[in-house]
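Enquirer:
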Amino acid sequence: MKIGIVGYKGRMGKEIKEVFEEKGHPFVWGYDKDGETYKDIPELIIDFSLPEVLEISIKYVKNFSIPLIVGTTGLTDEQLEQLKDISNDIPIVQSYNFSIGIQLFLKIVDLLKGYEEGWDLEVSEIHHRFKKDKPSGTAKMIVEHFNKEVPISSLRLGNVPGDHTLYMANLGEVLSISHRALSRRAFVEGVLKSAEFIINKDKGFYTFTDVLFGENYQ
Ligand code: NAD
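Position one of the sequence shown corresponds to residue 0 (numbering that gives the first Met the number 0), numbered consecutively onward.
1) Quick one: is the Cβ of residue 5 within less than 8 Å of any heavy atom of the ligand NAD?
2) What are the boundary residues of the beta strand (DSSP E) that residue 177 is part of?
3) So, do the stretch 100-115 and the stretch 64-84 have three or more beta carbon pairs nearer to each other than 8 Å?
4) Under DSSP, the alpha helix (DSSP H) around residue 153 begins and ends at which residues?
5) Output the residue ranges of the beta strand (DSSP E) runs that lie fully inside the stretch 27-62 and measure 3 residues or longer, sorted by chain position.
6) If you draw a straight line from the alpha carbon of residue 190 to that of residue 147, how long is it in whole angstroms?
7) Between the Cα of residue 92 and those of 14, 57, 206 and 123, spot the shortest distance and give me the residue it belongs to.
8) I'd like to confirm the pairing. Which residues does DSSP put opposite residue 120 in its beta bridges?
9) Tell me whether residue 165 is buried or exposed, calling it buried when 16 or more other Cβ atoms sit within 10 Å of its Cβ.
10) Does the stretch 193-203 come close enough to the stretch 30-46 that 3 or more CB-CB pairs lie under 8 Å?
11) Considering only heavy atoms of the ligand NAD, does any lie closer than 8 Å to the CB of residue 184?
12) So for residue 162, helix, strand or coil by DSSP?
13) Is residue 161 near residue 98, with beta carbons less than 9 Å apart?
14) Over the uninterrupted alpha helix (DSSP H) stretch that includes residue 211, give me the two end residues.
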């Protein structure tokens, strides 16, 4: 797969470039703050940048008529709707977390759904000091799985790639579920799986849950 990366100079962009090249998928096109770098037309574009750059990714995947993977967090509801609209023509994978561990975390959360009565629920997330959005997209994904509002606490510390904990407590006990990404490579492995999944699709909107567990997973 010849890949293009929007945000190719960033922490995730550099890691994606390195891991894909290691697996034999050359980086042929990139876009960052100082514009475009071009060696060849890519076969898919991977966007890990900022929400305001999404327009650019959309423009290029339409021009090249290729799939798009979006990992950028903090997208607005309108942007998510826009991605769903264009997925009538362009295959798209969008997720706020491409790690396999968080997908398993969400499966556990599904098991807890319906047992909220009588329990206090809170989510905490810790990320590196450079992270722009707050709360994290992953924390938002976790709380969306519940039928009641769940508060989120966000800490910005050092170089932490991503820690998430769900706490449930009643007067006698505390249940907690935690996930820690040890490096950004955890996300890139998921992006690679998503690229292999989407490369031969001709349209459609998919999440990383669809990539891992199939499109009919509830
Ligand atoms: P980063 O700041 O290191 O990289 C962002 C890149 O985007 C930089 O190279 C920057 O120059 C570029 N950029 C900024 N403004 C631009 C513009 N106007 N035009 C073109 N390029 C521009 O950030 P990061 O840590 O690599 O994270 C990038 C995004 O990915 C964030 O939204 C982050 O939350 C998200 N992320 C998602 C996952 C996931 O699994 N979905 C995992 C990690 C990070």
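Quick reminder that beta carbons are idealized off the backbone N, C-alpha and C, glycines included. Predicted model only: the values in this text are computed from it and were never measured.
Expert: On the basis of the coordinates in this document:
1) Within the sequence shown, the letter at position 6 stands for residue 5. True, at least one ligand heavy atom lies under 8 Å from that Cβ.
2) As a first step, residue 177 must be located in the sequence shown, where it is residue number 178. Counting along the chain, the beta strand (DSSP E) containing residue 177 begins and ends at 173-179.
3) Segments in contact, no.
4) For this step, residue 153 is matched to residue 154 along the sequence shown. Here residue 153 belongs to no alpha helix (DSSP H); instead the beta strand (DSSP E) covers 151-155.
5) 34-37 and 43-46, all fully within the stretch 27-62.
6) Here residue 190 corresponds to residue number 191 of the sequence shown, with the count starting at 1. Here residue 147 corresponds to residue number 148 of the sequence shown, with the count starting at 1. If I take the Cα positions, the gap works out to 31 Å.
7) Within the sequence shown, residue 92 is the residue found at index 93, counting from 1. Taking only the C-alpha atoms, the option nearest residue 92 is 206.
8) Residue 120 sits at position 121 when you count from the first residue of the sequence shown. 167.
9) The residue given as residue 165 occupies position 166 in the sequence shown. The residue is buried, with at least 16 neighbouring Cβ atoms inside 10 Å.
10) They touch, by the three-pair rule.
11) The residue given as residue 184 occupies position 185 in the sequence shown. No heavy atom of the ligand NAD is found nearer than 8 Å to the CB of residue 184.
12) Taking the first residue of the sequence shown as position 1, residue 162 is located at position 163. Under the three-state reduction of DSSP output, residue 162 falls in the strand class.
13) By one-based count along the sequence shown, residue 161 stands at place 162. By one-based count along the sequence shown, residue 98 stands at place 99. In this structure, residue 98 lies closer than 9 Å to residue 161 by Cβ.
14) Reading the sequence shown from its first residue, position 212 is the one you call residue 211. From DSSP, the alpha helix (DSSP H) with residue 211 extends over 207-212.
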